[in-house]
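In full-length UniProt numbering, the protein residues as written are 1 to 298.
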């Protein structure tokens, strides 16, 4: 078909000549006019500062570092104060102390509204009180504990055994013998000593936040809530004995009642057999009371 077309129609379909191939050549930036020559800096060395004269780089604390530093300084100051207090603490030289420490009873958890007369009336039931000293701070506010000296050591022992857990003005009291002058290694709570679970060191705030972030429970367990609820050890023991005796009586009554009931069921079953009410009667449609299922049937 192409051979029969005219020249004007064949002209647009004519192939172009082959493109001449030229090999690539790298052109440097200097040839493009953008080349910058390197020069030395020896002439500027004298303008630099001597490293020996350079001031140290200032240290800027972060908020966490500042908080940790203050906490550490506070702990060091507290440890120093405790050490000084231990060196100066001598309960034998206290002019306001009682005469005989072996006749002195320590009473804690006293209501701040409780007066000396009210406390004296409560503890006079255990013996004759020779001296009662309620402790106050420098501003005259009560500290919540007192020392009671009895005229005889047996009276103090009686109060020590019976007064623990006594409720006065809505508070459960804790009693103990005086340890400051009777126990050489004793230290008060403010100097790192003390007695009981309430004297345990509290967990630091940073440790508490870390445990909360991890979803762990706090280390401080529940405090001594049994005394606040009014359940003293002696009361719990008495309740336990009462429940034990009551449960034994209840079991004995149930056992006697069971013997009587079994005897009654046995007689009733014997009467029913004598009257002819047995398995045949139940098959014929008679529906009487079922026989007792228990030890007698076996």
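From the three backbone atoms N, C-alpha and C, an ideal C-beta is built for every residue, glycine too. The model shown is predicted, which means the values in this text are computed figures rather than measured ones.
**OP:** Report the three-state DSSP secondary structure of residue 256 (helix, strand or coil).
**Re:** On the chain shown, position 256 is the one that residue 256 refers to. Reliability of the predicted coordinates at residue 256 is poor, the pLDDT of 48 falling under 50, and the value obtained from them is presented with this limitation in mind. Residue 256 falls in the helix class under three-state DSSP.
Subject >> Straight-line Cα distance separating residue 213 from residue 99 >> reply: Within the chain shown, the letter at position 99 stands for residue 99. Within the chain shown, the letter at position 213 stands for residue 213. Rounded to the nearest angstrom, the two C-alpha atoms are 54 Å apart.
**OP:** Decide yes or no for the touch test of the segment 142-159 against the segment 103-122: beta carbon pairs closer than 8 Å, at least 3 of them.
**Re:** yes
Original post:
Does the segment 186-196 come close enough to the segment 133-147 that 3 or more CB-CB pairs lie under 8 Å?
Top reply: no
Original post:
Alpha carbon to alpha carbon, how far is residue 69 from residue 57?
Top reply: On the chain shown, position 69 is the one that residue 69 refers to. On the chain shown, position 57 is the one that residue 57 refers to. Their backbone Cα atoms lie some 20 Å apart in a straight line.
Original post:
Can you tell which of 39, 22, 131 has the C-alpha that lies nearest to the C-alpha of residue 156?
Top reply: Taking the first residue of the chain shown as position 1, residue 156 is located at position 156. That would be 131, whose Cα lies nearest to the Cα of residue 156.
**OP:** From the DSSP output, in three-state form, read off residue 97 for me.
**Re:** Position 97 of the chain shown, counting from 1, holds the residue named residue 97. In this structure, residue 97 counts as coil in the three-state DSSP scheme.
**OP:** With DSSP collapsed to three states, give me the class of residue 150.
**Re:** Residue 150 sits at position 150 when you count from the first residue of the chain shown. The answer is strand: DSSP assigns residue 150 an E or B state.
Subject >> First through last residue of the beta strand (DSSP E) which encompasses residue 132 >> reply: Here residue 132 is taken as the residue at index 132 of the chain shown, counted from 1. Where residue 132 is concerned, the enclosing beta strand (DSSP E) stretches over 129-136.
Original post:
By how many angstroms is the C-alpha of residue 61 removed from the C-alpha of residue 109?
Top reply: Your numbering for residue 109 matches position 109 in the chain shown. Your numbering for residue 61 matches position 61 in the chain shown. Their Cα atoms are separated by approximately 44 Å.
Original post:
In the structure shown, what three-state DSSP assignment does residue 12 receive?
Top reply: Taking the chain shown and counting its residues from 1, one reaches residue 12 at position 12. Looking at residue 12 - three-state DSSP - the assignment turns out to be helix.
**OP:** Less than 8 Å between the CB atoms is what I'm expecting for residue 122 and residue 166, so what's the real figure, rounded?
**Re:** Working through the chain shown from its first residue, we reach residue 122 at position 122. Working through the chain shown from its first residue, we reach residue 166 at position 166. About 7 Å; that satisfies the 8 Å criterion.
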